[in-house]
Amino acid sequence: MLFEIQNKVQQILQHPKLKNFFSEEVTVYNEREIVTVDGQIIIPDRLVINNKNEVTILDYKTGVALKKHHQQILNYQNVLKSMNYKVKKLYLIYIGAKIIVEQV
């Protein structure tokens with residue numbers, strides 16, 4: 001079981017579409033609470049900010065892809081834009097038998 005988890009983590013860290021978001025050259029905020037203007041709390045899984053102050057949002061999911069996953073990450077984008085961040089990319093990362101990376 002532990003080996004399987006370690007293997008999944010390595011697959012994510014080394015994935016060609018994702019590995020740059022795990023480098024030491026970026027600023028990362030994992031699971032930080034953000035309070036929206038209407039008082040809701042959102043908690044994106046991973047926000048990656050590059051040296052141009054551009055944000056990439058990563059959101060991890062298990063199970064099958066659902067429309068609500070897209071709605072959730074798009075909501076994260078809207079909130080960050082309202083905070084004057086430039087959102088560059090959005091990724092949903094599905095963790096199952098295979099790692100599936102979907103750019104939204």
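As numbered in our numbering, residues 1 to 104 make up the sequence shown, in order. We treat Cβ as the ideally placed atom computed from N, Cα and C, and that holds for glycine. Just so it is clear, the structure is predicted and the values come from calculations on it, not from any experiment.
Would the beta-carbon of residue i fall within 9 Å of that of residue j?
i, j, result
"I57", "L90", "yes"
"D59", "L92", "yes"
"I73", "V28", "no"
"G96", "T62", "yes"
"Y76", "I100", "no"
Buried or exposed: which applies to residue i, given that a residue is buried once 16 or more other Cβ atoms fall within 10 Å of its Cβ?
i, result
"F3", "exposed"
"R46", "buried"
"I5", "exposed"
"V55", "buried"
How is the beta strand (DSSP E) around residue i delimited, first residue to last?
i, result
"Y85", "Segment: none, Y85 is in no beta strand (DSSP E) and carries neither H nor E."
"E25", "From DSSP, E25 is part of no beta strand (DSSP E); its letter is neither H nor E."
"E54", "E54 to T62"
In terms of residue numbering, what span does the alpha helix (DSSP H) encompassing residue i cover?
i, result
"V37", "Element bounds for V37: n/a, residue is neither H nor E."
"V9", "L2 to L13"
Going by CA-CA distance only, name the one from the options that's closest to residue i.
i, options, result
"V37", "A65, L80 and N53", "L80"
"P44", "N50, K98 and H70", "H70"
"N30", "E102, S23, V48 and N7", "V48"
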